[in-house]
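Those letters in the sequence shown? Residues 188 to 482, per the working numbering, in order.
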Amino acid sequence: MRTYAFVTVDVFTDRRFGGNPLAVFPEAQGLSDAEMQSLATEFNLSETTFVLPPDDPAHTARVRIFNRTAEMPFAGHPNVGTGWVLAGRGRAVDGVLRFEEIAGLVEVKVEDGGVTIAAPQPLSLGAEMPADLVAGCVGLAPGEIVTTAHCPVMASVGNSFVLAEVTADALTRALPDIARFRDAVAVFPDLGPRRLPLYLYARAGREGDRLRLRARMFSPLSGTVEDAATGSAATPLAALLLSLGGDREQRYDIVQGVEMGRPSLLRASAHRAADGIRAAVGGSCIPVFRGEVTL
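Below you can see the structure in the form of structure tokens.
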């Protein structure tokens, strides 16, 4: 019999039972791919992470991220939460950790009051998704999809999402229709048969130097009917919005999870770099559970 310790943390919140819960296995050596997937499915959280020794000893760890149905190349709140857990175990060097992941190297900075991660890739854009297709997936009228700044579009800085602006009222009423999601995948198959993550957002003004946004993320085909906080969607959104104007950098406060009763605050930023537009996201974490799994 083998025993593995785990901890859970609530990410992108400063209070317990808010934010997005995450399970972390800090010493996952010896677990097979199938066991990692089974554990992630058993925890039934949006993601679970498994920490392994790095391929390059100059880095902190190799981190594998699984949702309920598949391994992910990169994700936001799993990196923030795993960084917080490993920093608490003394793994940070000068406040920095570096995680090897499928999408590339993720740099994690631990600062007073939170953890910030840099997305591993510059912004890349894919196909545009018809507004009426997006609207049907979430029970909205096509006219409630705002296309003034951009059409719904696939965007990634390491993990792909369809980003769509909606009206503030529509954001609160959105409700995923799984049958419509399945139909939409047949028309818009770019993200695979079990993935069509829709990240809806509405503008909420400005406070100081930060643009305020409200957001919701639906990915029912991968097991996440709604996500409380999605850092790997907040980062391409930040990068996309910066790309639409002439600023060199921009900061964003993104509130998510309100309709789920798990309010989350994601502090995102984007800047123009030599290889394109880069983005980062950060927030606070709160410990919740710790325990062991015997296999």
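Where is the CB? At the ideal position from N, CA and C, for every residue including glycine.
Exposed unless 16 or more other CB atoms sit within 10 angstroms - verdict on residue i
i	result
ILE365	exposed
PHE286	buried
GLN224	buried
THR200	buried
PHE204	exposed
ARG393	exposed
VAL344	buried
ASP281	exposed
SER219	exposed
ASP414	buried
PHE476	exposed
GLN216	exposed
GLY132	The question about residue 132 has no answer here: the residues shown for the chain are numbered 188 through 482.
ARG202	exposed
N- and C-terminal bounds of the beta strand (DSSP E) containing residue i
i	result
MET404	397-406
ILE464	463-470
ASP414	411-414
VAL194	190-198
PHE253	248-253
PHE212	207-212
ALA460	451-460
VAL340	340-343
ARG393	385-394
Delimiting residues of the alpha helix (DSSP H) encompassing residue i
i	result
GLU222	220-230
ARG360	355-360
Close beta carbons around residue i, own chain, < 7 Å, minus the five adjacent residues each side
i	result
ILE441	LEU400, ALA402, ALA421, LEU453, ALA455
LEU362	VAL325, GLY326
ALA336	GLU352, LEU431
LEU320	ALA371, VAL374, PHE375
PHE368	CYS324, LEU383, PRO407, LEU408
GLY301	GLY469, GLY470, SER471
LEU232	PRO208, LEU209, ALA210
ALA483	In the structure displayed, the chain extends from 188 to 482; residue 483 sits before or after that span and is not available.
ARG278	THR247, LEU284
Any non-hydrogen atom of the ligand ADP closer than 7 Å to residue i Cβ
i	result
PRO450	The model on display carries no ligand, and the ligand ADP is accordingly not part of it.
Residues near residue i by beta carbon distance below 6 Å, same chain, minus five either side
i	result
ALA192	GLU479
CYS472	VAL196, VAL198, GLY268, TRP271
PHE212	TYR191, PHE193, PHE237
ASP462	PRO309
ILE252	GLU234, THR236, MET259, ALA262, PRO265
LEU482	ARG189
ARG459	ARG435
ALA274	VAL297
ALA227	THR235, PHE253
Reduced DSSP category for residue i - H, G, I as helix; E, B as strand; rest coil
i	result
LEU482	coil
THR422	helix
GLU234	coil
PHE368	helix
GLY433	coil
VAL267	helix
LEU427	helix
ALA245	coil
ALA351	strand
Close Cβ partners of residue i (< 8 Å) along its chain, the five nearest in sequence each way excluded
i	result
VAL283	GLU294, VAL295, LYS296, VAL297
ASP243	GLU287
ALA318	PRO329, ILE332, THR334, CYS338, PRO339, ALA351
VAL250	THR236, PHE237, VAL238, LEU239, PRO265, ASN266, THR269, PHE286, GLU287, GLU288, VAL293
- Query: What residue ranges within the segment 273-337 form continuous beta strand (DSSP E) runs of no fewer than 3 residues, ordered along the chain?
  - Reply: 283-288, 291-298, 301-305, 311-315
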